[in-house]
Structures are given as C-alpha cells and as structure tokens.
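Student: To start, I am sharing the structure in question, which I have written as structure tokens.
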Amino acid sequence: MIRVVLPAHLRILARVEGEVQVEPAGSATIGSVLDALEQRYPALCGTLRDHVTRQRRPFVRFFACQQDLSHDPPDTPLPESVCSGAEPFLVIGAIAGG
Amino acid sequence: MGISPPEGEVSRVRVLVGTRKGAFVLEADGKREKWEINGPFFAGWEIYHIKGSPADPNRIYASQTSGWFGQQIERSNDGGKTWEPVSNQFVYEGTPGTHQWYDGTPHPWEFKRVWHLEPSLTDPDSVYAGVEDAALFHSADGGRNWRELSGLRNHSTGNRWQPGAGGLGLHTILLDRGNPGRIYIAISAAGAFRSDDTGATWKPINRGLRSQYIPDPNAEVGHCVHRIAMHQSRADVLYMQKHWDVMRTDDAGENWREVSGNLPTDFGFVIDVHAHEPETIYVVPITSDSLHFPPEGRLAVYRSRSGGSEWEPLTRGLPQSNCYVDVLRDAMAVDSLDSCGVYFGTTGGQVYVSPDSGENWTAITRDLPAVLSVEVQTLP
Chain A
161 MIRVVLPAHL
171 RILARVEGEV
181 QVEPAGSATI
191 GSVLDALEQR
201 YPALCGTLRD
211 HVTRQRRPFV
221 RFFACQQDLS
231 HDPPDTPLPE
241 SVCSGAEPFL
251 VIGAIAGG
Chain B
17 MGISPPEGEV
27 SRVRVLVGTR
37 KGAFVLEADG
47 KREKWEINGP
57 FFAGWEIYHI
67 KGSPADPNRI
77 YASQTSGWFG
87 QQIERSNDGG
97 KTWEPVSNQF
107 VYEGTPGTHQ
117 WYDGTPHPWE
127 FKRVWHLEPS
137 LTDPDSVYAG
147 VEDAALFHSA
157 DGGRNWRELS
167 GLRNHSTGNR
177 WQPGAGGLGL
187 HTILLDRGNP
197 GRIYIAISAA
207 GAFRSDDTGA
217 TWKPINRGLR
227 SQYIPDPNAE
237 VGHCVHRIAM
247 HQSRADVLYM
257 QKHWDVMRTD
267 DAGENWREVS
277 GNLPTDFGFV
287 IDVHAHEPET
297 IYVVPITSDS
307 LHFPPEGRLA
317 VYRSRSGGSE
327 WEPLTRGLPQ
337 SNCYVDVLRD
347 AMAVDSLDSC
357 GVYFGTTGGQ
367 VYVSPDSGEN
377 WTAITRDLPA
387 VLSVEVQTLP
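As you go down the protein sequences, you meet chains A and B in turn.
Each residue of the first sequence is one higher than the one before, starting from 161 at the first, in my numbering.
Each residue of the second sequence is one higher than the one before, starting from 17 at the first, in my numbering.
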C-alpha cells in the first residue's frame with residue numbers, strides 16, 4: 161500500500177481528507193501509483209497527467225524521500241521506504257500565483 | 017431565466033456565483049431582501065461559470081478550473097446542495113492545427129479551460145461548453161462525455177483567430193427556443209458566429225463592427241466581442257458589448273449598428289436584456305481597456321428602454337465614490353419574476369441585486385472572492 165499526499169485542490173476535487181492510500185498493480189513505480197490514483201479517484205484523471213499524451217502537467221511535481229521524481233520516467237521504481245509505507249509519495253502543485 | 021410561477025404562489029430565486037476561489041449559491045424568496053448564502057463549493061478552484069438547466073432547475077453545471085490541475089465539470093442534481101465531478105476530457109477533433117498568437121505567428125490550439133456552460137432549453141442532459149482555446153463542445157449525457165462541434169474551429173477563418181487579452185475564449189452561447197437549430201456564439205477576439213444547423217456549420221456575423229486595431233473595415237473576423245445578449249421572444253435581435261462600442265442587430269447578425277448613444281464610455285463587458293421588455297437592456301460602462309474600473313470611481317448600471325442609443329444611469333444603492341472594481345463578461349443576469357430582478361457581480365467580491373428592474377440596488381454580499389460569473393434561476 162502506497163501512502164499519497166495530494167495538494168489541497170485535489171483533495172477537494174477527490175472528496176478526501178488527509179493522506180490517501182493506493183495499491184498499485186504490480187511493482188510500485190511512479191506510473192503505477194498514478195494509475196492506481198486515477199482508478200480509485202476518477203476525478204483526478206487529467207489533473208496530474210494529460211489525458212492524451214500522459215505527460216505530467218507542467219505545474220505538477222512528484223517528490224518522495226526529499227527527492228524530486230518529477231522528471232523520472234513513469235516506470236521508475238519508487239524508493240523502498242515509500243513501498244514499505246514509511247514515507248509518502250508527494251504530489252505538489254508548483255508554488256506560484258495566488 | 018425560468019418561468020414565473022402562477023400569480024399568488026410563492027416563488028424563489030437562486031443566484032449562482034462563480035468566483036476566483038470557489039462557487040456560491042445565494043437564495044431568497046421573491047422579495048429578494050433576505051438572502052441565504054451557501055459555499056464556497058470547490059474552494060480554491062476558479063469557477064468560470066455555473067448555470068442551471070432551464071428544463072430542470074435542480075440540474076446545475078459548473079466549470080471548475082485551475083492553472084495547476086486543469087479542468088473539471090461538476091454537476092448537481094439537487095439544486096446545488098451536492099455535487100459530483102462528471103468529466104474533464106475535452107479533446108479537439110482531429111489534428112487541431114494552429115491559430116494566430118498575439119504577435120500574428122501561428123500557435124497550436126491547446127485546450128485550457130471551459131469559460132461558459134449553456135444547458136439546453138429543453139433537455140437537462142444536453143449542455144454546451146465554450147472553451148479556451150476557442151471551440152464549442154457538446155454533451156448529451158449530462159456532462160459525462162464531450163464531443164467537439166468542430167465545424168466552428170475548422171471554419172476557414174479559424175487559423176486567423178487571435179486571442180484577446182484574457183485568452184482565445186469562447187464565452188457566449190445563445191440558444192433559440194423558437195428555432196432549435198440556431199446557435200449564436202462569440203469569441204474573443206475572433207467575433208460572433210451563427211449556426212443554423214445545430215452547430216454543424218458556422219457563419220461569421222460581424223458586418224458593421226468597427227475596431228480601431230483592425231485596418232480593414234470589412235474584416236470578417238478579428239473583433240473583440242465581449243458579450244452578446246438576446247431576448248427569447250425576438251431571437252433575430254441581438255445586443256452586443258464589444259471591446260469598445262455597444263452594438264445591435266435586427267437581422268440575426270447580418271448587419272450591426274452602433275447604439276452606444278450617450279453612454280459615458282462604451283467600453284465594458286456585460287450586457288443583458290430585461291426579462292419582459294425586449295427593448296430594455298443593461299450595460300455597466302467601464303472607463304477603458306487600460307482602466308478596468310468605472311468612470312470617476314462611480315459604479316453605475318446604464319439602462320436603455322429603446323433598445324440602445326438612449327441611456328440612463330441607475331446608481332441608487334451603488335457606490336458613488338472610490339469604487340474601482342470591474343464587472344466581467346459573464347457576471348450579469350436577470351430573473352423572470354413579475355418585477356424583473358437584475359444582478360451583477362464585481363471583481364471586488366460584491367454581488368448586487370435590483371428587484372425593480374434597476375431602480376434600486378443592494379449588495380447581497382460584499383466580500384466574496386473576485387466574481388467571474390453570475391446566473392439566476394427563478395424557482396416555483
């Protein structure tokens with residue numbers, strides 16, 4: 161089970177509070193966690209990745225264990241401490257605007 | 017606008033307000049004096065537009081958008097008490113190609129957000145969406161699936177459309193109750209278009225518009241239309257607030273003439289028509305395209321009872337000093353009670369109501385986030 165921290169806007173959209181947990185199919189990678197998130201919370205489809213290109217939206221970043229994973233390929237395995245549940249996978253909205 | 021209840025029955029109004037930081041639902045009885053304010057819904061998200069179905073007032077659609085996380089369409093089936101996200105998949109049909117960028121260079125079409133939602137006059141599950149970059153979408157299943165009416169974007173002029181300062185947005189959609197095949201739309205800064213075949217093909221309807229930044233007086237497209245309004249009893253008569261100039265057509269857009277008349281300035285965004293008097297129209301003059309606030313800091317609605325040209329200021333209850341708010345293009349509406357109510361919202365977060373066709377104004381609320389849109393439902 162992967163712990164995921166969503167930004168406030170997406171928690172409101174998905175109707176959740178606090179962290180969410182998802183179970184990716186197969187090994188835990190950036191892509192499989194995003195797939196699991198979108199499957200469990202369909203309203204998040206298109207908010208993290210483009211519907212068509214599947215590319216990360218420009219103002220969305222992914223972090224874990226103090227590492228920026230935003231530019232890693234989707235099949236990049238997540239750190240062991242994220243897979244074990246010790247650390248969350250963080251979805252961050254770029255800090256800009258009001 | 018809804019249908020007025022029979023005489024003697026208690027009626028209500030529900031005002032749907034989209035703001036920079038969420039949606040609000042304001043309700044009152046027919047006196048429109050005491051208001052219940054609910055919200056924010058979708059707090060933190062920009063709500064470009066929120067509008068109810070004329071066929072079922074419990075069905076309401078909202079455009080929820082964010083520069084970070086994109087677009088979502090929310091739907092309520094209980095008059096705005098609860099909501100569900102229904103879809104955000106707006107995909108242009110085919111290979112989108114390019115339009116013109118601000119500097120005249122080609123720029124690829126990119127979906128950014130939904131500016132305006134127009135529910136069908138007869139079917140609660142049928143709704144149109146006007147989007148940026150400019151295109152028209154339709155859903156026949158309550159917003160779950162969207163299909164582009166690509167005849168508009170693929171019009172031969174499409175590659176010459178250029179964005180206005182706020183983007184290349186399709187912001188106005190007018191449906192004709194007497195002619196279901198007819199749709200009017202407007203785009204900043206391409207102009208106005210009409211379809212007579214339910215959106216399959218489109219005709220630019222901009223003859224008579226004059227814009228100082230367009231050298232060709234007969235330019236087919238390129239005009240920065242801010243808003244068009246229509247009364248359902250006379251669907252060939254349209255009123256337009258252009259970037260500058262208030263305009264009118266009596267032949268479904270084939271020819272426009274200026275009706276700015278004695279307005280203190282003919283720049284502005286909103287324009288609307290009285291519910292029961294097709295020749296009574298309202299605008300809110302704004303100083304200029306560089307000074308987006310009322311002239312001399314005095315907020316005034318102007319009313320014409322002759323379909324334009326002759327205007328009177330309506331100021332009773334509106335701030336007459338130190339007022340520097342704007343009223344954006346989708347932020348005015350009218351109810352259909354016997355004494356027609358007029359509503360508008362400001363970028364300062366005020367929502368004003370006049371229960372008597374504009375004679376007297378009061379603020380329903382003063383401290384919302386900047387108001388992007390105002391719609392009103394007249395309920396039995």
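Note that beta-carbon positions come from the ideal geometry of N, C-alpha and C, so glycine has one too.
Remember, predicted model here, so these are calculated numbers, not experimental data.
Can you give me, in chain order, the residues of the segment 203-224 of chain A that have a beta carbon less than 8 Å from any beta carbon in chain B?
Tutor: Ala-203, Cys-205, Gly-206, Thr-207, Leu-208, His-211, Val-212, Arg-217, Phe-219 and Val-220
Student: Just to confirm my understanding: we take B:Gly-18, look at its own chain, exclude 5 residues before and 5 after, and list those with CB closer than 7 Å. What are they?
Tutor: Note that B:Gly-18 scores a pLDDT of 42, beneath 50, so its modelled location is shaky; the value from the coordinates is reported in the next line. For B:Gly-18, where only same-chain residues beyond five positions count, the Cβ hits under 7 Å are Pro-70, Pro-73, Ser-352, Gln-393, Thr-394 and Leu-395.
Student: Can you name, in chain order, every residue of its own chain whose Cβ lies under 8 Å from the Cβ of A:Ile-252, other than the five neighbours on each side?
Tutor: Within the same chain, A:Ile-252 has close Cβ partners Pro-167, Val-220, Arg-221, Phe-222 and Phe-223.
Student: If you reduce the DSSP assignment to three classes, tell me which class B:Pro-301 lands in.
Tutor: In the structure shown, B:Pro-301 sits in a strand (DSSP, three-state: E or B).
Student: If we count Cβ pairs, one from each stretch, closer than 8 Å, do we get three or more for the segment 176-190 of chain A versus the segment 45-62 of chain B?
Tutor: Segment contact: the segment 176-190 of chain A against the segment 45-62 of chain B, fewer than three CB-CB distances shorter than 8 Å; contact not assigned.
Student: Given this structure, state the Cα-to-Cα distance separating B:Asp-288 from B:Ala-245, to the nearest angstrom.
Tutor: 5 Å
Student: Under a three-way DSSP split, which group does B:Met-17 fall into?
Tutor: Summary for B:Met-17: the model assigns pLDDT 42, below 50, so the residue's position carries little reliability, and this model does not support an answer.
Student: Hey, how far is the Cα of B:Gly-363 from the Cα of B:Leu-344?
Tutor: It should be noted that the sequence gives Thr, not Gly, for residue 363 of chain B. Each residue's alpha carbon lies about 7 Å from the other.
Student: If you measure from the beta carbon of A:His-169 to each beta carbon in chain B, is any gap under 8 Å?
Tutor: yes
Student: May I ask you to list, following chain order, the residues of the segment 101-118 of chain B that have a beta carbon less than 7 Å from some beta carbon of chain A?
Tutor: Pro-101, Asn-104, Gln-105 and Val-107
Student: B:Ile-76: buried (16+ other C-beta within 10 angstroms of its C-beta) or exposed?
Tutor: buried
Student: Is B:Trp-117 buried or exposed, if buried means 16 or more other CB atoms sit within 10 Å of its CB?
Tutor: exposed
Student: With a cut-off of 8 Å, do at least 3 Cβ pairs link the segment 316-332 of chain B to the segment 265-281 of chain B?
Tutor: Yes: the two stretches touch, three or more of their Cβ pairs being nearer than 8 Å.
Student: Nearest-angstrom Cα distance between B:Asp-383 and A:Ala-185?
Tutor: 47 Å
Student: Measuring alpha carbon to alpha carbon, tell me which residue in B:His-259, B:Gly-113 and B:Phe-285 is nearest B:Glu-126.
Tutor: With distances taken between Cα atoms, B:Glu-126 lies closest to B:Gly-113.
Student: Which residues bound the alpha helix (DSSP H) around A:Ala-168?
Tutor: 168-174
Student: Taking 8 Å as the threshold (beta carbon to beta carbon), is B:Ala-59 in contact with chain A?
Tutor: yes
Student: Just to make sure I have the definition right: I need the residues of chain B whose C-beta is within less than 8 Å of the C-beta of A:Ile-190. Which are they?
Tutor: Per Cβ cutoff of 8 Å: no residues; A:Ile-190 is ~17 Å from chain B at best.
Student: I need the boundaries of the alpha helix (DSSP H) containing B:Asp-252, first residue and last residue.
Tutor: Per DSSP, B:Asp-252 belongs to no alpha helix (DSSP H) and is neither H nor E.
Student: Going along chain A, which residues have a C-beta under 9 Å from B:Trp-11?
Tutor: Not covered by the structure: residue 11 of chain B. The range shown for chain B is 17 to 396.
Student: Quick one: which chain B residues come within Cβ less than 8 Å of A:Leu-173?
Tutor: Phe-58, Trp-61, Gln-80, Phe-85, Gln-88 and Pro-101
Student: Taking all protein chains shown into account, decide if B:Lys-67 is buried (16 or more other Cβ within 10 angstroms of its Cβ) or exposed.
Tutor: buried
Student: Under a Cβ-count criterion, where at least 16 other Cβ atoms within 10 Å of its own Cβ denotes burial, should B:Asn-195 be classed as buried or exposed?
Tutor: exposed
Student: Does the Cβ-Cβ distance between A:Leu-173 and A:Leu-204 come in under 8 Å?
Tutor: yes
Student: Would you mind stating whether B:Ala-208 and B:Gly-269 have Cβ atoms separated by less than 8 Å?
Tutor: yes
Student: Apart from the five residues just before and just after B:Ile-89, which ones in its own chain have a Cβ nearer than 6 Å to its Cβ?
Tutor: If the five residues before and after B:Ile-89 are omitted, its C-beta is found closer than 6 Å to the C-beta atoms of Val-102, Ser-103 and Gly-159, all from its own chain and listed in chain order.
Student: Under 8 Å between the Cβ atoms of B:Trp-131 and B:Tyr-200?
Tutor: no
Student: So B:Phe-57 and B:Gly-83 are supposed to be a Cβ contact under 8 Å. How far apart are they, rounded?
Tutor: Wrong, their Cβ atoms sit about 19 Å apart, outside the cutoff.
Student: By Cβ distance, which residues of its chain are closer than 6 Å to B:Thr-331, with the 5 residues on each side in sequence left out?
Tutor: Ala-316
Student: If we ignore side chains and look at the alpha-carbon of each, how far apart do A:Pro-248 and A:Glu-198 end up?
Tutor: 17 Å
Student: Among the residues of its own chain, which have a CB less than 7 Å from the CB of B:Pro-21, if the five just before and after it don't count?
Tutor: Any reading at B:Pro-21 must be qualified, since the residue scores a pLDDT of 49, below 50, and its modelled position is unreliable; no value is offered.
Student: Tell me which residue opens and which closes the alpha helix (DSSP H) that B:Ala-78 is part of.
Tutor: Unbroken run through B:Ala-78 is the beta strand (DSSP E), 76-82; no alpha helix (DSSP H).
Student: Got a sec? Which residues, its chain only, sit under 6 Å from B:Thr-296 by beta carbon, not counting five neighbours each side?
Tutor: His-290 and Arg-321
Student: Hey, how far is the Cα of B:Phe-85 from the Cα of A:Arg-217?
Tutor: 7 Å
Student: Look up A:Val-242 in the DSSP assignment and say whether it is helix, strand or coil.
Tutor: helix
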